[in-house]
């Protein structure tokens, strides 16, 4: 099993996204759905970190997995660690 490590920037983006949806919907239901799916993806990446698609043109073989089709987790593999680099809303311009 690989260890999951979030960078401070990725954590910030993730928490900002959760807060946005709580304020936007006046409810935490959608944010709870995001959290549950992120936790599921973390378990999946811990067991099989090579499952994400490689983002072409990145030197460090940055990979991406989808979360609820609306968000992406960008990450790289460093030895036995999956380092999550960003949590991105797919409606924004591409990060990489």
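Numbering (full-length UniProt numbering), first residue to last: 1 to 96.
Every residue gets a Cβ at the ideal spot worked out from N, C-alpha and C, and that includes glycine.
Remember, it's a predicted structure, so these values are computed and weren't measured experimentally.
Inset, instruction - Out of 66, 18, 42, point me to the one whose CA is closest to residue 81's CA. - result: Of 66, 18, 42, the residue nearest in Cα terms is 42.
### Task
Run the CB neighbour count on residue 52, radius 10 Å, all protein chains shown included, and call it buried at 16 or more, exposed below.
Buried, because 16 or more other Cβ atoms sit within 10 Å of the Cβ of residue 52.
Who are the near neighbours of residue 70 in its chain, counting only those whose CB is closer than 8 Å to its CB and skipping five residues on each side? Cβ within range, chain order: 89, 90, 91.
For residue 97, the three-state DSSP class (helix, strand or coil) = Any question about residue 97 goes unanswered here, given that the chain covers just 1 to 96.
Need the endpoints of the beta strand (DSSP E) that residue 66 sits in, please.
63 to 67
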